[in-house]
Amino acid sequence: MRKSGFFPRLALVNLMRNGRFYGPYLLSCGMTAAMYYILSYLTFSDIVASVRGAGYLQSLMYLGRLVVTLFSAVLLLYANSFVMKRRRRELGLYNILGLEKRHTARLMVWETLYCAAAAIVGGLAAGVLLSKLVLLLLLQLSHLPVEYGFEISLSGMADTAALFGFLFLLTLVWNLFGLLRSRPVELLHSASAGEREPRTRRLLVVLGAVTLGAGYATALTVEDPFTALAYFFLAVALVMVGTYCLFTAGSIALLKHLRNSPRYYYQPKHFTAVAGLLYRMKQNAVGLANICILSTMVLVTVSTTVSLYAGLEDSLDQMFPYDIDVVQKLEGVPPEQETTLNEDTLERVQAVAADAGREVKSLQWSTLTDTIGSYTGNTFTLTSLEGVSTEIQILTADDFGRLTGRTVVLEPDQVLVQAENIDLPETFYMDDLPFHIAGTITDFPRYNSSILISGQTAQLSLVVADETVMSAITARDTSDNREFHVQMDLDGTEEEKLAFVDPLLAADVNDVYSVISRQDNAIDYYTMYGGFLFLGVFLGLLFLLSTVLIIYYKQISEGYEDQRRYQIMQQVGMSPREVRSSIRSQVLLVFFLPLVTAGIHVAAAFPMLCKLLELFNLFDVRLFALCAAGTLLVFCAIYALVYGLTTRTYSRIVGGQ
1 MRKSGFFPRL ALVNLMRNGR FYGPYLLSCG MTAAMYYILS YLTFSDIVAS
51 VRGAGYLQSL MYLGRLVVTL FSAVLLLYAN SFVMKRRRRE LGLYNILGLE
101 KRHTARLMVW ETLYCAAAAI VGGLAAGVLL SKLVLLLLLQ LSHLPVEYGF
151 EISLSGMADT AALFGFLFLL TLVWNLFGLL RSRPVELLHS ASAGEREPRT
201 RRLLVVLGAV TLGAGYATAL TVEDPFTALA YFFLAVALVM VGTYCLFTAG
251 SIALLKHLRN SPRYYYQPKH FTAVAGLLYR MKQNAVGLAN ICILSTMVLV
301 TVSTTVSLYA GLEDSLDQMF PYDIDVVQKL EGVPPEQETT LNEDTLERVQ
351 AVAADAGREV KSLQWSTLTD TIGSYTGNTF TLTSLEGVST EIQILTADDF
401 GRLTGRTVVL EPDQVLVQAE NIDLPETFYM DDLPFHIAGT ITDFPRYNSS
451 ILISGQTAQL SLVVADETVM SAITARDTSD NREFHVQMDL DGTEEEKLAF
501 VDPLLAADVN DVYSVISRQD NAIDYYTMYG GFLFLGVFLG LLFLLSTVLI
551 IYYKQISEGY EDQRRYQIMQ QVGMSPREVR SSIRSQVLLV FFLPLVTAGI
601 HVAAAFPMLC KLLELFNLFD VRLFALCAAG TLLVFCAIYA LVYGLTTRTY
651 SRIVGGQ
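In terms of this note's numbering, the sequence shown is residues 1 to 657.
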């Protein structure tokens, strides 16, 4: 064999011989490379760019690329550090056998080249093969027409190769730097180097308890969606700091407490596990905290996006109670011309429906005043934003009676009231106009609107006596925001209802009205929420991959560090059955702790997440609770499966198989 081929061949042999370490490493690199290519493909795809709502989708995919870039760097560096730690003794042995550091460096270069080639080529191949399937899934979730054809993003391939090439180069530089700083004797005996018993750092425990409590308090006491949005990242940061502190210091305190409990500690299956974990908990705790944080990210990301998508139909029903809402602004229209203009618009809408062959299943029309007022004391100051801002909607008794089928008779100073999040006295004022509450209602008509009123927003709906009273109010409203609405439901399919909008707009030759279509708005919302769901599940898989990789490497690391200890215990009389029982005790002691803690994190964050979802028009707390519970159950099942597989690997290592 020629000298020039020695290092490439030795590097290949090393990778194959260490397949237990490099296999998951390369698989993770390849999967993240495939994810990055797919998101790049969707970001710049001509097919995506051609559909309605392309801006939503491409922005979401670009955001996903940034997240995948960050996690790819973390995954590669973490997995590489684990692999090189397991190979320190092997690298020291090369030096004893006569290889100089420059020779070992050449070996590392070839190993990195092989890993990079396998991960990048494999990831790109998987990404290209799956890209069309993923595109079809995205279009299906977004209720967009399926586009046939196949395309490959050359720019996406170049970006993927450049990113992961740079990351592998970064790992190579880090490995070479560690090699230059190391001494052969240290490398050779690294496997036998233990850790001292860690100290119980009470200050760190207190810091963790305080930050975690502050994060929980912030999430539990938030009162409105905008406050939740402002404090969300602060709460996340506090919970993360508290998690790392409590896992690092609190776990040591817990293990020492268990060691000081004779009834628990002095049992064969417990004392070996507790003693072994205690001496390695400083390193072990960080991995457990990472698993906990990643598990929380999976649960939050998937449950929120699934609930948003599942509740979209109900949100659409709330925002758009009618298929069509024709809105005619009456600003600047003289009162004597309003009736003629409104009747002309109503007849025009009915004529268009007849010409289109659409059967009008329900038809309503009314004149609505929609304004903003600030409420202070017992007075509403119209169009002012000082004080408690309130949305005010006003109908006449005639319009309310026609819309609801109820006969309403009111005196000029009497009103019917439907109030949300505001308490009114029996007598209140609209500027200087006094009104007495003649009764409360719960069936004030709803109008098509792309915004749902938050449960924390003050809203007032009034029924006044007649047009004279309405005119007296609008005379004091500088915005003059009066509208004539024609609302209708149509027969036919969703596509036929959507097609009705074009002839309706074409009939408006004088450009006096606008059309709010439920079906037209549904396209935009399904595009946006479908993109949310796709990205949420996509990133959930990335976080899950990171979690599984950390768990796998943690179990392997534990296995190799425990291997010698359990062999000694068997030599002094510990039976194989007791060894297996001790293994289960050790793994169960720490394996499910991150999962339980992640569940507690999600439960504490639930009120804040509910407020954040209100910004996306989801007010169904029960639906979100069901989605969160379902996500937790599925994640627990996957977590248990990973537990079984990694425990089996751990047992084989400890048993020397």
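Glycine included, each C-beta is placed from N, C-alpha and C at the ideal position.
All figures in this text were calculated on a predicted structure; none of them were measured in a lab.
- The DSSP-derived three-state label of Arg348 is helix.
- Taking a C-beta distance under 8 Å as the contact criterion, Val360 and Leu490 qualify as a contact pair.
- Of the candidates Gln58, Val109, Ile394 and Val469, the residue whose Cα lies closest to the Cα of Ile372 is Ile394.
- Of all alpha-carbon atoms in Ala458, Phe150 and Thr227, the one lying nearest the alpha-carbon of Val128 is that of Phe150.
- Residue environment for Gln337: exposed (fewer than 16 other C-beta atoms within 10 angstroms of its C-beta).
- Here Gly215 really is in contact with Ala235; their C-beta atoms are around 5 Å apart, less than 8 Å.
- Using a C-beta cut-off of 8 Å, the segment 394 to 406 makes contact with the segment 439 to 447, since at least three inter-stretch Cβ pairs fall below that distance.
- Closest option to Asn18, judged by alpha-carbon separation, among Gly630, Arg86 and Ser59: Arg86.
- Rounded to whole angstroms, the gap between the alpha carbons of Phe44 and Val121 is 21 Å.
- Per DSSP, the unbroken beta strand (DSSP E) holding Thr427 starts and ends at Thr427 to Met430.
- Non-local beta-carbon contacts of Ile441 in its own chain, meaning distances under 8 Å to residues more than five positions away in sequence, involve Leu416, Val417, Gln418, Ser461 and Val463 in chain order.
- Scanning the segment 211 to 236 from its first residue to its last, no whole beta strand (DSSP E) run of 3-plus residues comes out.
- Distance from the CA atom of Met16 to the CA atom of Val206, rounded to whole angstroms, is 47 Å.
- In the three-state reduction of the DSSP assignment, Phe444 falls in the coil class.
- Rounded to whole angstroms, the separation of the alpha carbons of Leu172 and Val109 is 7 Å.
- By the Cβ-count criterion, Val409 is exposed, with fewer than 16 other Cβ atoms from all chains shown falling within 10 Å of its own Cβ.
- Looking at the DSSP output, Trp365 sits in a beta bridge with Val486.
- Gly332 is classed as exposed because its beta carbon has fewer than 16 other beta carbons within 10 Å across all chains shown.
- Selection Gly250, Leu312 and Lys611 evaluated against Leu593 yields Gly250 as nearest (Cα-Cα).
- Around Gly439, the same chain offers Leu416 and Val417 as residues with beta carbons nearer than 8 Å, after the five sequence neighbours per side are excluded.
- Restricting attention to Ala237, Phe428 and Gln519, the CA atom closest to the CA of Ser315 is found in Gln519.
- CA-CA distance, Leu341 to Met35, rounds to 57 Å.
- Residue pairing by DSSP puts Gly373 in a beta bridge opposite Leu382 and Thr390.
- Look at Glu420 here: in three-state DSSP terms it is strand.
- Closest in alpha carbon position to Cys636, among Cys610, Leu368 and Val548, is Val548.
- Per DSSP, Ala356 is not a residue of any alpha helix (DSSP H), being assigned neither H nor E.
- When DSSP states are grouped into helix, strand and coil, Val48 belongs to the helix group.
- Secondary structure note for Leu246: it is in no alpha helix (DSSP H), with a DSSP letter that is neither H nor E.
- At least 8 Å separates the beta-carbon of Thr243 from that of Val286.
- Non-local beta-carbon contacts of Ala458 in its own chain, meaning distances under 6 Å to residues more than five positions away in sequence, involve Val388, Thr390, Asn421 and Ile422 in chain order.
- When the Cα atoms are used, Thr221 and Ala228 turn out to be separated by approximately 9 Å.
- The residues Leu204, Leu207 and Gly208, in chain order, have a CB closer than 6 Å to that of Cys245 in the same chain once the five nearest residues on each side in sequence are set aside.
- Distance from the CA of Ser307 to the CA of Asp620, rounded to the nearest whole angstrom, comes to 9 Å.
- Following the DSSP letters along the chain, one finds Val327 inside the beta strand (DSSP E) bounded by residues Ile324 to Lys329.
- Cα atoms of His257 and Arg201: separation of roughly 14 Å, rounded to the nearest angstrom.
- At a cut-off of 4 residues, the continuous stretches assigned as alpha helix (DSSP H) that sit fully inside the segment 5 to 93 are 6 to 17, 19 to 44, 46 to 50 and 54 to 86.
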